[in-house]
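Numbering (UniProt numbering), first residue to last: 1 to 99.
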């Protein structure tokens with residue numbers, strides 16, 4: 001993330017693991033999202049059940065379970081608009097239509 005330069009308003013879904021979650025890992029994910037936001041991106045973080053990563057979730061629960069976890073976050077990103085005020089960027093999220 002350090003060298004990635006998103007375009008203004010780029011929407012990024014961070015699919016984080018949850019199999020080795022600890023304070024340092026959580027801080028790393030949050031810092032990555034914060035860094036992307038500071039560069040103008042709009043971010044959302046999605047995390048599988050505790051003790052799993054997305055590969056395990058796919059193997060154990062199937063593609064439908066992964067889809068059900070990710071779709072709401074994707075919809076939030078789709079319906080988020082990038083609005084600029086004086087010196088800061090504010091995220092405005094519209095109510096997402098239900099699928």
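Virtual Cβ for every residue (Gly too), placed ideally from N, Cα, C.
**Prompt:** Mind checking whether residue 19 and residue 62 have CB atoms under 7 Å apart?
**Reply:** no
**Message:** I'd like the list of long-range same chain contacts for residue 73, defined as Cβ closer than 7 Å, with 5 residues on each side in sequence excluded.
**Reply:** 13, 44, 46
**Request:** Let me know the secondary structure DSSP gives residue 20 once reduced to three states.
**Result:** coil
**Asked** From 23, 38, 25, 79, pick the residue whose C-alpha is nearest to that of residue 3; which is it?
**Response** 38
**Prompt:** Are any of the Cβ atoms in chain D nearer than 7 Å to that of residue 73?
**Reply:** Protein chain content of the structure displayed is limited to a single chain, and chain D is not contained in it.
**Message:** Please give the ranges of any beta strand (DSSP E) in the UniProt domain "Toprim" (6-63), keeping only runs that are unbroken, at least 3 residues long and fully inside the region.
**Reply:** 11-15, 42-46
**Request:** Take residue 8 as the anchor and find which of 55, 36, 48 has the nearest alpha-carbon.
**Result:** 36
**Asked** When you compare only the Cα positions, how much space is there between residue 40 and residue 6?
**Response** 7 Å
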